[in-house]
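Here the structure comes first, spelled out in structure tokens, and everything after it is commentary.
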Amino acid sequence: MARFFVSVDAEGMPYSPSRVMMMPGDPLYGELRRIMTRVTNIVVEELFASGAEGVVVADSHGAMVNLDPFEIDGRAELVRGFPRPLAMINGARGCRAALFIGYHGSPQSGGVLGHTYAGRILQRVKVQGSEAATEYLLNTYALGEMGVPVVAVAGDSVLEEEVRRHTPWARFVALKRPASSLADVTPPWRMFEESLRRAVREAVAGESLESARPVRPREPWIEVELKRPWHADVAELFPCVERIDGVTVRLSCGSFLENYKLLEGVVMASYSLER
């Protein structure tokens, strides 16, 4: 059995609808860390029970130091910290397949705490096949260029249609559904834990795993609508960036992975203008 990659975000986690949970210093941040760690351990346990040789877990929310290293399953390698190249999918190269846990919708999705990568900087992200790309789709395309297929996604229910469309073989588990952009409805823990364990087992089983394939966009560009005109001014300083209008730029390097990394750079540079 091969190594597997697990990218863990926060806004699609169960019981996690509020901004007072999301960052260090927030009143309920400790609660978020416990939830993320416990859900991640479910996935890691099932992967090893299914015969995985190794599991790489990438902490993929905010400063990317959310998972408790003393409570996470000790058999997994843990990727922590930010900034780092390829952010949410750092550590995936060479793995047999990827699983996304705690994933959420875009700002346009109607999901809980919807955003794409950087809510303070990015209003909308477009790629081949989507007018409102999510982190799920961007990461799926980037992994596709590495030859790594996505076999399971768990998170906000608003993602299900997109997952079915782009990776129909992937198992999807709704860990929550939106009641509003800042409120969620979560099924009983026992219920979604059973669903998640079953989905992981099925995703890495022989025929299911063999049916999964890397997904690459036909065209590698990424088009970004930024929050402010000065963010677009900053973006124009980078090579391979074309200004479309006052707040929109197109990233047009030769590969999707290059544009993915360029998007990271544009976001980081734009934050320099935020107070």
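According to UniProt numbering, the residues represented by the sequence shown are 1 to 275, in order. Quick reminder that beta carbons are idealized off the backbone N, C-alpha and C, glycines included.
Ranked by how close their Cα comes to the Cα of LEU182, the residues HIS115, ASN66, ALA2 have HIS115 in first place. When DSSP states are grouped into helix, strand and coil, ARG3 belongs to the strand group.
Beta-bridge analysis with DSSP links ARG124 to GLU225. By alpha-carbon distance to VAL43, the top candidate from SER7, MET23, VAL65 is SER7. For ILE42, the enclosing alpha helix (DSSP H) stretches over residues 29-49. DSSP places TYR103 inside the beta strand (DSSP E), whose first and last residues are 97-103. Looking at LEU175, PHE5, GLU53, PHE82, the one whose alpha-carbon comes closest to that of THR186 is LEU175. Selection ALA212, LYS126, GLY12, GLN108 evaluated against VAL148 yields ALA212 as nearest (Cα-Cα). Distances from the CA of PHE4 to each of ARG80, PHE100, GLU71 were compared; the closest alpha carbon is that of PHE100. The alpha-carbon separation between ILE89 and SER60 amounts to approximately 8 Å.
Straight-line spacing of the CA atoms in ASP184 and PRO17 works out to 6 Å. Taken through DSSP and simplified to helix, strand or coil, THR116 comes out as coil. According to the DSSP assignment, LEU196 belongs to the alpha helix (DSSP H) that extends over 189-203.
The DSSP-derived three-state label of GLY12 is coil.
Distances from the alpha-carbon of PHE48 to those of SER255, ASP73, GLU31 put ASP73 closest. Here the alpha carbons of LEU273 and ARG198 stand approximately 46 Å from one another. Ranked by Cα distance from SER208, the options ASP68, ALA97, GLN128 are led by ALA97. Excluding the 5 residues flanking it on each side, GLY62 has same chain C-beta neighbours closer than 6 Å at MET23, in chain order. With respect to the 7 Å criterion, VAL215 and ALA118 are not classified as neighbours on the basis of their beta carbons.
Here DSSP, grouped into helix, strand and coil, assigns ALA269 to helix. When secondary structure is reduced to three states using DSSP, VAL234 falls in the helix class. For GLY206, the secondary structure class from DSSP, reduced to helix, strand or coil, is helix. Straight through space, the alpha carbons of PRO217 and GLY129 are spaced by roughly 8 Å. Short of 8 Å from the beta carbon of ASP9, and not among the five residues preceding or following it, lie these beta carbons of its own chain, in chain order: SER60, HIS61, MET88, PHE100, ILE101, GLY102, TYR103, HIS104, GLU135, GLY155.
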